[in-house]
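As structure tokens, the structure follows; a few thoughts come after it.
Residue numbers (my numbering): 1 to 350.
What follows is the structure, encoded as structure tokens:
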């Protein structure tokens, strides 16, 4: 059973949630997951997230370097800090200046983050088009919140019993998506969509973790999601407990017109100011934008909000079928047969 990270601890292994005999790959995997979860760009106006990001980075900076880890294992944190007086020799394994005596700075933590991903696009979610010179994103092959996903069971394995001699397995419960037989549901987020968990109360430690939608239960409107690195563990969540990483196109920014027309992906939503954090791979930047400044990709399932003409539709989910640049309105499918035209700010990923 995997350990839970403990960000209240001062022990580097406990911070990352790794045993003391963890190998380099396990340390890197733990750091990657935590760093993306607590990165300041994903948690705007959250000082605790900033502190956690720095703490995680400090732990990884020591444990990922064999010499520093050996000193830490023998003498603890104080011994590692004493060895760092005067800065990391030659710029250190990660190349950031200064020692750790006063704790890691934001700039140093960000430098480790950039060093690990080698110029790749950690918030690209498989979009491509990242900064030049980067390697493949460690977050590729992710399905977005758009309709018409692959039928259940497509790809990755032969049908049960195919070819003869294969062991027969107990029949699995038919999922909501399997019953659709490949047809999209206008008001349900597609199977395989990558999401971030949020606002969980009984399992608050999972907030900020990533998961994948596996099933939907019509009777209570909840999704079954499989936790990332959870060994197949699934939990049941309400739509309000998930944030889709939807693709968007930026438009109408007068102060920074170079972003207009760029593709981006939603990585966070700030409920306090009603703005998205949008990562723009072409610039390698995260910008804070209002819903009126982003155009959701066709097929995205989003929540209707702020609609005064038909208030009964607010908080319901519907599919973006198109966008009219002349009227600046979406065509939204709100029922199997009905399409409405709504303003950009009436559709929300939140």
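Cβ atoms here follow ideal geometry from the backbone N, Cα and C, with glycine treated the same way. These numbers were taken from a predicted model, which means no experiment stands behind them.
- Counting only runs of at least 3 residues, the segment 275-311 fully encloses the following beta strand (DSSP E) elements, listed from N- to C-terminal order: 275-280, 285-289, 294-296 and 301-304.
- Within the segment 164-214, the runs of alpha helix (DSSP H) at least 4 residues long that lie entirely inside it are, in chain order, 176-180.
- Using a C-beta cut-off of 8 Å, the segment 243-263 makes no contact with the segment 217-233, since fewer than three inter-stretch Cβ pairs fall below that distance.
- Judged by DSSP secondary structure, residue 268 falls within the beta strand (DSSP E) whose first and last residues are 263-270.
- A distance below 6 Å between beta-carbons, with the five flanking residues on each side excluded, links residue 20 to the following residues of its chain, in chain order: 13.
- Shown here, residue 331 sits in a strand according to DSSP, grouped into three states.
- If you draw a straight line from the Cα of residue 34 to the Cα of residue 321, it is about 35 Å long.
- Residue nearest to residue 331 within the set 190, 298, 211 and 315 is 298 (criterion: CA-CA distance).
- In the structure shown, residue 318 falls within a strand segment according to DSSP collapsed to helix, strand and coil.
- Judged by their CB atoms, residue 287 and residue 278 are nearer to each other than the 7 Å cut-off.
- Taking all protein chains shown into account, residue 271 has fewer than 16 neighbouring C-beta atoms within 10 Å of its C-beta and is therefore exposed.
- Residue 219 sits in coil when the DSSP states are folded into three classes, being neither helix nor strand.
- Per DSSP, reduced to three states, the secondary structure at residue 340 is strand.
- Residue pairing from DSSP places residue 244 in a beta bridge opposite 195.
- When the alpha-carbon of residue 282 is set against those of 312, 273, 250 and 51, the nearest one is in 250.
- In the DSSP assignment, the residues bridged to residue 323 are 330.
- Here DSSP, grouped into helix, strand and coil, assigns residue 66 to helix.
- Close CB contacts of residue 59 within its chain, under the 6 Å cut and outside five residues either way in sequence, are with 12, 15 and 16 (chain order).
- Below 8 Å, enough C-beta pairs join the segment 196-206 and the segment 235-243 to call them touching: three or more.
- Judged by DSSP in its simplified three-state form, residue 105 adopts coil rather than helix or strand.
- For residue 15, the enclosing alpha helix (DSSP H) stretches over residues 12-16.
- CA-to-CA, the gap between residue 310 and residue 106 works out to about 46 Å.
- With respect to residue 301, residue 317 sits close: the two C-beta atoms are nearer than 7 Å.
- Of 274, 280, 323 and 284, the smallest CA-CA separation from residue 306 is found for 274.
- Taking the Cα positions, residue 230 is about 25 Å away from residue 218.
- Between residue 61 and residue 112, the C-beta spacing is below 7 Å.
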